[in-house]
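Scroll down for the structure; my scribbles are underneath it.
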Amino acid sequence: MYIKNCNIPIVKKKLFRCCTADVSMGFIKEMIPYLKNRYELRLLSSPGENLSRLSEQFGLKAYGVQMERHISPLKDIVSLFKLIRVFAVERPDMVHSITPKAGLLCMMAAWITRVPVRIHTFTGLVWPTSSGMKRRLLMLTDRLTCMCASHIIPEGEGVMNDLKSYGITHKPMKVLGFGNIKGVDMARLSRERFIERSTEIKAEYGMNSSFSFLFVGRIVKDKGIEELVEAFDKLQKKCSNVKLLLIGRDDNDPISRTTRFLIESNADILLLGPKFDDDLFAHYVASDCFVLPSYREGFPNAVMEAGALGLPSIVTDVNGSREIIIHGENGLIVPSKNVSALYNAMEQMLVDKESTEYMVSKTRNLISSRFDNHYVQQCLYDYYSDVLNDEA
-11 MYIKNCNIPI
-1 VKKKLFRCCT
9 ADVSMGFIKE
19 MIPYLKNRYE
29 LRLLSSPGEN
39 LSRLSEQFGL
49 KAYGVQMERH
59 ISPLKDIVSL
69 FKLIRVFAVE
79 RPDMVHSITP
89 KAGLLCMMAA
99 WITRVPVRIH
109 TFTGLVWPTS
119 SGMKRRLLML
129 TDRLTCMCAS
139 HIIPEGEGVM
149 NDLKSYGITH
159 KPMKVLGFGN
169 IKGVDMARLS
179 RERFIERSTE
189 IKAEYGMNSS
199 FSFLFVGRIV
209 KDKGIEELVE
219 AFDKLQKKCS
229 NVKLLLIGRD
239 DNDPISRTTR
249 FLIESNADIL
259 LLGPKFDDDL
269 FAHYVASDCF
279 VLPSYREGFP
289 NAVMEAGALG
299 LPSIVTDVNG
309 SREIIIHGEN
319 GLIVPSKNVS
329 ALYNAMEQML
339 VDKESTEYMV
349 SKTRNLISSR
359 FDNHYVQQCL
369 YDYYSDVLND
379 EA
């Protein structure tokens, strides 16, 4: 590309976007056309079909460097040397990583090769709910990531506060917009698009005369499944016209035998497995209230998707969730690991119809005003321009 009436080429700055697993490239797929047009874009992750597909689709140079998600000292050292070699050859102007292992290894490699701008986005923290040696080791790796990064983006205010209060870093940090790294496609997530399919779902599961609670996430203890099932079982003994839909991968996490028994023996608890794309969104529309009683979160997309599709949510008072839900406006916030509080919130949603209808009326507009994908993406583009001293 050249300046008009001039033979001096405009040299695009080189940008690497990095993540551990290639599936996480989905977080930036919508941004690739803009980034490719403005920068000399490179993609880097562990090898995988998604990385190869994006490289071919957009005509981008991509690097597949195997990175283990879990701690693996010998393999991590091998990955680090490979990353150093990539950055030493490519000489990027900026490396931006998401996900923990890519953050640690890519920030170290970028620092060693003197990449001028080194950005890591923290999408969630694992160590606040860990203990013992694991907790100390996870905190150490996050400290190393921050030491090597020149710029740090916490996905939300809660993540930023934890990084500060636990002494992970004292560097300046900035939450972009209201938080989140991808945003919600509000045009796509319109209830009208999914009415027909949602009607079929209601008929299939006998939901037409029931109030239905929906959970979307992994069926594991950390997501609050035990508390949710116990609270629902208690609620059902008082109100018979309720159902609970559990959508997500069953990881065979050691949830209690009691919880497993209740799920398998209760015909009104529907364990539906994973759902994707339009079929998943139709299940939101078929339901009445979304519930995510997890112990920790980064910035849960499921809560935003539910809100975009008109569902009020019950969430726990954890990072991310409490930044999406305004208590009493578009949902309710309860303490984590508290069955009684969760039961009371579920009962309120069921019984207090006036309050629930008020929250339903507010939820889509609140999500749209804060987390529309175009707004979230523009916040990142503006940030890139600032740190690279580009013209907007």
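Numbering (our numbering), first residue to last: -11 to 380.
Virtual Cβ for every residue (Gly too), placed ideally from N, Cα, C.
- For secondary structure counted as the alpha helix (DSSP H) over 4 or more consecutive residues, the stretch -5 to 72 holds these complete runs in sequence order: 20 to 26 and 37 to 46.
- Selection Val348, Glu214, Leu39 and Asp276 evaluated against Cys6 yields Leu39 as nearest (Cα-Cα).
- In the DSSP assignment, Lys231 falls within the beta strand (DSSP E) that extends over Val230 to Ile235.
- Annotated as distal: Val303 and Ser324, with beta-carbon spacing of 7 Å or more.
- Assigned with DSSP and collapsed to three states, His271 falls in helix.
- With respect to Ala290, Arg352 sits apart: the two C-beta atoms are not nearer than 7 Å.
- Around the Cβ of Arg237, a 10 Å sphere holds fewer than 16 other Cβ atoms; the residue is exposed.
- For Val105, the uninterrupted beta strand (DSSP E) segment begins and ends at Val105 to Phe110.
- Put simply, the backbone Cα of Ala98 is about 7 Å away from that of Ile72.
- DSSP places Met148 in the helix class (H, G or I) of the three-state scheme.
- Going by beta carbons, Met127 and Lys89 fall outside the 7 Å limit.
- The beta carbon of Ile207 sits closer than 8 Å to those of Ile213, Leu234, Gly236, Arg237, Asp238, Asp239, Asp241, Ile243 and Leu259, all from its chain and outside the five residues before and after it, given in chain order.
- Taking 7 Å as the cut-off, the beta carbon of Ser309 is found no closer than this to the beta carbon of Pro281.
- DSSP assignment within the stretch 327 to 367 yields no whole beta strand (DSSP E) run of 3 residues or more.
- Collapsing the DSSP output to three states places Thr304 in a strand.
- Pro142 has Phe110 as its beta-bridge partners, per DSSP.
- Shown here for Tyr363: same chain residues with a beta carbon closer than 7 Å to its own, the five before and five after excluded, namely Gly165 and Gly171 in chain order.
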